[in-house]
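Residue numbers (the numbering used here): 96 to 166.
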Amino acid sequence: MTKSSNSGDLLSKSSLYREFLAEREEILRHKWLESEKAGIDVGFEQALTEWMVKHRSEWRKRRQSERQLSA
96 MTKSSNSGDL
106 LSKSSLYREF
116 LAEREEILRH
126 KWLESEKAGI
136 DVGFEQALTE
146 WMVKHRSEWR
156 KRRQSERQLS
166 A
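What follows is the structure, encoded as structure tokens:
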């Protein structure tokens, strides 16, 4: 197994990286929903900012609760 392969495996198993990917998916989902409402692409930056202000804290609380229940 090569060094880069080991790094990729380690990264994919990282809980921090999995949380990053889950958060990114939520932001992209929010971007899609808001773009559909507006009838135009609102852009990633706008969606990111809006999601962080309006939804991130509740999303993180819900994720933490789900993790505790599954542990």
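For glycine and all other residues, C-beta sits at the position ideal for the given N, C-alpha and C.
Could you say which of the options lies nearest to residue i if we only look at CA atoms?
| i | options | result |
| --- | --- | --- |
| W146 | L111, L116 and R124 | R124 |
| K149 | E131, K108, E121 and S109 | E121 |
| R162 | E114, R151 and T144 | E114 |
| E50 | R119, S110 and S165 | Lying outside 96 to 166, the shown extent of the chain, residue 50 is not represented and no answer is given. |
Since I believe residue j is in contact with residue i (beta carbons under 8 Å), could you give me their beta-carbon distance rounded to a whole number of angstroms?
| i | j | result |
| --- | --- | --- |
| R158 | A117 | 7 Å |
| A142 | K156 | Not quite, the Cβ-Cβ distance comes to about 20 Å (not below 8 Å), so this is no contact. |
Which residues in the same chain as residue i place their Cβ atom closer than 6 Å to its Cβ, once the five residues preceding and following it in sequence are excluded?
| i | result |
| --- | --- |
| L106 | Y112 |
| S130 | D136 and V137 |
Say yes only if the C-beta of residue i is nearer than 8 Å to one or more non-hydrogen atoms of the ligand SAM, and no if none qualify.
| i | result |
| --- | --- |
| K149 | Of ligands this structure carries none, so the ligand SAM is not represented either. |
Once you ignore the five residues that flank residue i on each side, which residues in its own chain have a CB closer than 8 Å to its CB?
| i | result |
| --- | --- |
| Y104 | The amino acid occupying residue 104 in the given sequence is Asp; Tyr does not appear at that position. Hits under 8 Å: none found. |
Item to check | Length-filtered (4 minimum) alpha helix (DSSP H) runs lying within the segment 101-150 | outcome: 110-133 and 139-149
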